[in-house]
Every structure is written in structure tokens, then in C-alpha cells.
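In the UniProt record's numbering, the protein residues as written are 1 to 510.
For each residue, glycine too, the CB sits at the ideal point set by N, CA and C.
Here's the structure, in C-alpha cells; my notes come after.
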């Protein structure tokens, strides 16, 4: 295992904050199998497992795999327990609640309230070797972030019901949502049932895998499945900087304030520019819609969308449709249907879904802006069966927009400032910013915090704008000269205004 870079450490750190709690669903070909609707799926770290569940996991692994390990390598109880209890190990647990576990034989002494383990997946977020031929590797990098699936075990009494495939789909959803490049796993060459299962789930031989030749001394192969978004060579959206202009954000808020009282949220189209290095949302326009939850239905005014888009492109032909926005942070089946509609508009690129939380009372996510792209859970899934993957997003604003935001943030009813008071206030703000910069520089020099090259270059460029070699008297003389010029222009403008007014009055007398 190679050492991860700083950016990879950040991705892995964010990935380790993810969790999921859901329930398995029965597909059409599984109807009649019975019991799957009652199976809950929980996600937990190794440190969060009870002693009972740890023993159940270990005993299920031992029962299913010990003979195969002994045929190919060797079985070591301490090694396997160490892998399962490693601090980085995470689990998806398929569990039958108490009272519905009659079909499963217990492996551990238990009380009547203990849950029944049907199956599990154990994985870790890790850095993994990146080879030049790998479709998700980037140029000049040695490692990449992956979700490494160490174990997937299903109780023999519950095999053939689709539990394993649904657990694997949940792992894929977590991996794609946390920006992992791919899922990697190891399987014995002679474990034909497992290999057929993973092949059906679209897993292929990884670039790092040993040969599949039976004569090869290595008894296992390495399979992987690439993140479909990262692997999109036409829209490398994870590699691009995604930005939103403040003006577009205010347009979304204005649309929300003008909504019908019965609407829970409003939606609209995102417009802007797209390149290999940046996606920038510059403009938006509203799209009328209606939706219901029972059943999930959505109606978009496609004709209105088309007319507005045609009018907009006459003014700004360089902009394109990037996706859509919503004034609700909730992602549901209707969101997936709208995403599917806009994906056809933005093809071959991914459609971006921007959410704005308008609930200012929400202490955790109040007025938060988030961006997503989507990925189907499998190749044959319906549009509503997709997962939304979060994207890093930044807000862009010009100097005039920042000034406007500061004025908007001021309390209402304050007294008007004179020019001198406004100048003094501006100088105080500049002085406060200089103090923050100096404090940051001192901490970097003392080693309290790590320096940032981008910040250093920006400060260097800013200081370079200040003329060098000026002493105090010279600078004061230049300032006074400039001030006199400003006053002269001001006097002349007032004189011209007075003369124009006098000419107007004289013209009325004649």
C-alpha cells in the first residue's frame, strides 16, 4: 500500500463520515421469496459493533470460507479477527429483527433480544496503486482512492434471494457518493460461484490483478468496478472546479419568494459555461412544475423551458444548459426523474443538480448550497433508482457584489454615513483584513499551521501591486497631489452643473 497524497487524505477523511441506514427491497423476480422485506441494513464501523455481532460476523465468515482458505492458502484465526476488527473496517449488516429469525441457525450464544445476522459486507476506504492503463487513474499519480471490499458473506439459508446483490449496490452507492474511483475486491480463482456473481454485477479483472492462468502460483484474482462518473471521459466533472455566481443564487431566492403558497419547492434550469477545468453557473430561469408523492409523479412545463432557453441563447449564445436547481435539500424519486430529464438536455455531459436550503431556521444546513450528479445503481435500473453524488462547489462574487452583500448584512434603520465616516469605516475594514493576514503569516512562519502555496502566491502578487521604494514623505506628497486632483474634478463638475442650470433658466426667460 502506497502513501496517499494530501488531497487523497482529504477525500478518504470525508468518505469516513458517510453512513447509511436503509431496508432491502424486493424486486419483481424475487417476489414470493419471502422475508426479504423484513431485512434491515445498517452501516457501522468495527468499533461500533457489539460483542455478539462481532462473533456472529466472524463465525459466518469461518463457516463459509475456512475450507476454501485451507485449500488455497491457509486459515489463521488471529489474522482474520484482526482484519475484521481493524479500526478502518466498516460493515454493511443485513439483519433480521427479533422474532423473525427462525430460518437462520445461530452461531453464538444469544439472548432473545439479539438481532439475527443474515449477511454482511466488510470494506475499507483506502489508497490503492494507480497504473497508467487504468481508466480512472490520472496522469502522474501513483495512488488513487478506492473502496476495498474485503469480505461479503451471506447465510446459506438466505442465498439466492438477491440479498448479496443489493448489499453490493448499497456499497457502490456509498463508494460513488464519497468520490471513490472504484471498488476493488479479491476472489479465489476456484470460487466459481463468487466469480460468476461478480461478473453478473459488472465487475471485471483489475489492471493490478495477477494472471487468470490456473498455472499461475497466485491463487486469487483482483476484480474491480469503476465509478461511472469518474470514468466519463466526456465530462470529467470531478476534476473540474464547480462554481456558482452570487447573481444566480439571488435569482433562485427571488423565484422561491414568488412561488405559489402551496408549493413546497421550486425548480429551474441552470445555465453557464463548461470546460475541462471549470463548470460555472452564470444564470438561471424558473420552470413551472407540479409533483406528488403518492404515487411519485412529476410534471414539467417543457414548452416554457424551451421558449425561455431559446430567448436566453439569443442574448448569450456561449452559455449552455448545465442542469437544474431546487429550493429543497431533499433528494427523492421525483428528483431522480427530473435529473433524468435534464441528463438528456446536457448529454453527453452529466447534469448538475443544485440544491438550496431555504430554511434559515435549520442550524446545521441553513441556506446551504450543494451540488450533485447522479449515477444509476445498475445498468438496467429505472431512472428513479439512482444515487446522487455530491460535488465540491464554490460561490463566486465580484468586488461590487461583495460590497452589496456587506450592506445587505447591516441592520435595517441605521443612520446614513457621511463620506468621511464611510471612508473611516472602509479603512477600519482594510486594517482588520491586514491584521488577519499578518496573523496567518506569523502562524505559518512559527510552524503552528501548514502554509498554502496558492495563498502565498496570491499575497505575493498583491504586495507586488504596491510601488516599492517610496518613503513616508514621498507617499504623502503623492497622496496630497492625487487628492487635489480629485477635489479639482469635483469642483469642476459642480461648476458645470451650476452653469447648465443657469443656462436652462435663462432660456426660459427669452
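Rounded to whole angstroms, what's the CA-CA distance from residue i to residue j? Just pull it up for me.
i, j, result
"residue 342", "residue 226", "24 Å"
"residue 22", "residue 122", "Because the pLDDT at residue 22 is just 41, under 50, the model does not fix this residue reliably, and the value given afterwards should be weighed accordingly. Taking the straight line joining both Cα atoms gives about 17 Å."
"residue 259", "residue 288", "10 Å"
"residue 426", "residue 321", "40 Å"
"residue 439", "residue 263", "48 Å"
"residue 325", "residue 309", "15 Å"
"residue 73", "residue 206", "21 Å"
"residue 67", "residue 166", "26 Å"
"residue 195", "residue 127", "24 Å"
"residue 432", "residue 406", "15 Å"
"residue 278", "residue 507", "59 Å"
"residue 496", "residue 348", "60 Å"
"residue 50", "residue 69", "26 Å"
"residue 292", "residue 305", "20 Å"
"residue 58", "residue 161", "22 Å"
"residue 215", "residue 92", "35 Å"
"residue 455", "residue 441", "10 Å"
"residue 482", "residue 417", "24 Å"
"residue 503", "residue 314", "45 Å"
"residue 209", "residue 447", "43 Å"
"residue 144", "residue 485", "60 Å"
"residue 202", "residue 172", "12 Å"
"residue 332", "residue 355", "12 Å"
"residue 147", "residue 212", "23 Å"
"residue 542", "residue 449", "It is not possible to answer for residue 542, since the shown part of the chain is limited to 1 through 510."
Could you check what DSSP says for residue i in three-state terms: helix, strand or coil?
i, result
"residue 150", "strand"
"residue 372", "strand"
"residue 89", "coil"
"residue 266", "coil"
"residue 509", "helix"
"residue 418", "coil"
"residue 227", "coil"
"residue 39", "coil"
"residue 325", "strand"
"residue 284", "strand"
"residue 220", "strand"
"residue 490", "helix"
"residue 480", "helix"
"residue 129", "strand"
"residue 94", "strand"
"residue 32", "With a pLDDT of 39 at residue 32, under the threshold of 50, the modelled position of this residue cannot be trusted; read the value that follows with caution. Coil, per DSSP."
"residue 249", "helix"
"residue 503", "helix"
"residue 388", "strand"
Please tell me whether residue i and residue j are closer than 8 Å, where the distance is taken between their beta carbons.
i, j, result
"residue 373", "residue 391", "yes"
"residue 284", "residue 300", "no"
"residue 46", "residue 89", "yes"
"residue 397", "residue 246", "yes"
"residue 346", "residue 318", "no"
"residue 61", "residue 153", "yes"
"residue 182", "residue 224", "yes"
"residue 393", "residue 375", "no"
"residue 298", "residue 323", "no"
"residue 369", "residue 249", "yes"
Are any of the Cβ atoms in chain B nearer than 8 Å to that of residue i?
i, result
"residue 391", "Looking at the structure shown, chain B is missing, and only one protein chain is on hand."
Identify the residues that DSSP records as bridge partners of residue i: which are they?
i, result
"residue 201", "In the DSSP output, where bridge partners are listed per residue, residue 201 has none listed."
"residue 289", "300"
"residue 47", "Paired residue(s): none; residue 47 is not in a bridge."
"residue 184", "148, 224"
"residue 353", "324, 372"
"residue 52", "Beta-bridge pairing links residue 52 to no other residue."
"residue 279", "242, 274"
"residue 121", "92, 152"
Considering only residues of the segment 392-468, which uninterrupted beta strand (DSSP E) runs meet the minimum length of 3 residues and lie entirely inside it, listed in chain order?
-> Listed in chain order, the beta strand (DSSP E) elements of length 3 or more contained wholly in the segment 392-468 are 393-396.
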